[in-house]
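Written below as structure tokens is the structure these notes are about.
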Amino acid sequence: MGKILVTGGAGFIGSNFVHYLLENTDHSVVVLDKMTYAANEMSLAGLPADRFELVKGDIADTDIVDPLVKAADAVVHYAAESHNDNSLNDPTPFIHTNLIGTFTLLEAVRRHKTRYHHISTDEVFGDLELDDPAKFTETTPYNPSSPYSSTKAGSDLLVRAWVRSFGIEATISNCSNNYGPYQHIEKFIPRQITNILAGIQPKLYGEGLNVRDWIHASDHSSAVHTILEKGKIGETYLIGADGEVNNITVLRSILRLMGQSEDAFEHVVDRPGHDLRYAIDGSRLRAELGWEPQFTNFEAGLKDTIAWYTDNRAWWEPLKAEVEAKYAKAGQ
């Protein structure tokens, strides 16, 4: 597996995966990215020119996708519209990228018999009650609750159908909430960190009791690479690091780690249809493929993330005013 095509590689978890591959393997990487608002070319700065190439284009454009897939030994498909709030405001881009884009890639993979790995989310399973001891597993029925999660569920089902109907060599992974370097500041953890760095009071949706299962993007990257190399074709693997924490606890931890009072935040109107709890059972990935996360202490991962945003103000400061203005308009 020499050359890997990474779609959405200028986005958050995609760029982390690109860095992981170039720092830990001998692979060369081609990134295909539409460079929407969620992408940042600075996230790919300084990568070795002899092993890395950035192609700007739409994954739903067959003329761009086909030759790239033909030249690749494997495709890892990260590209997605992924912000729930945006999907509630306008579902259209989610249909285009998450469904039409995935279909376009699958057809190219089918033509050229290229190994394919599909990145998905735990949000396709819906949510769990706060007091429910259960976790999502590979056999949990899909029950998406937003245009974002429903289009991701649809893309997963397309992959499964193309495996069964056309025999493509594909695997799927559904991961819990990522955090770490290069995450757009519209998302919960980087928004709070950059608010504090910018002298803005952090914001909390509702009462902050919603639980997310957090995983550092570096651990997600190592898990995906493990599945790409060792995963059984046609199978789905859940990626999680046993990081269940509710939002108010996350925010208070960030405030404390940044030398602020744990109560120095503002409650804002909750998101419509806000899922209560996500929880991943990642035991199959560990037992069958031998993967283990490195960031097993969530606060240690938060410290690493806070340090990155503190040291990389030039990466996020140009975005800050626009992001906060958008949230202010929504009362959030």
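Using the UniProt record's numbering, you'd call the opening residue of the sequence shown number 1 and step up by one each time. Where is the CB? At the ideal position from N, CA and C, for every residue including glycine. Nothing here was measured: the structure is a model prediction, and the numbers come from that model.
- Annotated three-state conformation of N312 is coil, per DSSP.
- Counting of Cβ neighbours within 10 angstroms places T97 among the buried residues, the total reaching 16 or more.
- When the five nearest sequence neighbours on each side are left out, the beta carbons in the same chain lying within less than 6 Å of the beta carbon of R212 are those of N177, Y278, in order along the chain.
- Here E324 is buried. Its C-beta has 16 or more other C-beta atoms within 10 Å.
- I119 carries a strand assignment under DSSP once its states are collapsed to helix, strand and coil.
- Between R271 and Y182, the C-beta spacing is not below 8 Å.
- Taking P190 as reference, the option from N24, K320, Q260 with the minimal CA-CA separation is K320.
- Shown here, F136 sits in a strand according to DSSP, grouped into three states.
- Per DSSP, the unbroken beta strand (DSSP E) holding V6 starts and ends at 3-7.
- DSSP places F265 outside both helix and strand once states are collapsed to three, so it counts as coil.
- Take the alpha-carbon of G8 and the one of G273: they are about 27 Å apart.
- Under a 10 Å Cβ-count criterion, A45 is classified as exposed, with fewer than 16 other Cβ atoms of the shown protein chains found around its own Cβ.
- Annotated as proximal: I239 and H220, with beta-carbon spacing under 8 Å.
- Residues of the same chain with a CB within less than 7 Å of the CB of F125, apart from the 5 flanking positions on each side, are F136, T140, Y142, N143 in chain order.
- Within the segment 59-96, the runs of beta strand (DSSP E) that reach at least 3 residues and sit entirely inside it are, in chain order, 74-77.
- Here the segment 145-160 makes contact with the segment 89-109; the two share three or more CB pairs at distances below 8 Å.
- Here DSSP, grouped into helix, strand and coil, assigns A170 to strand.
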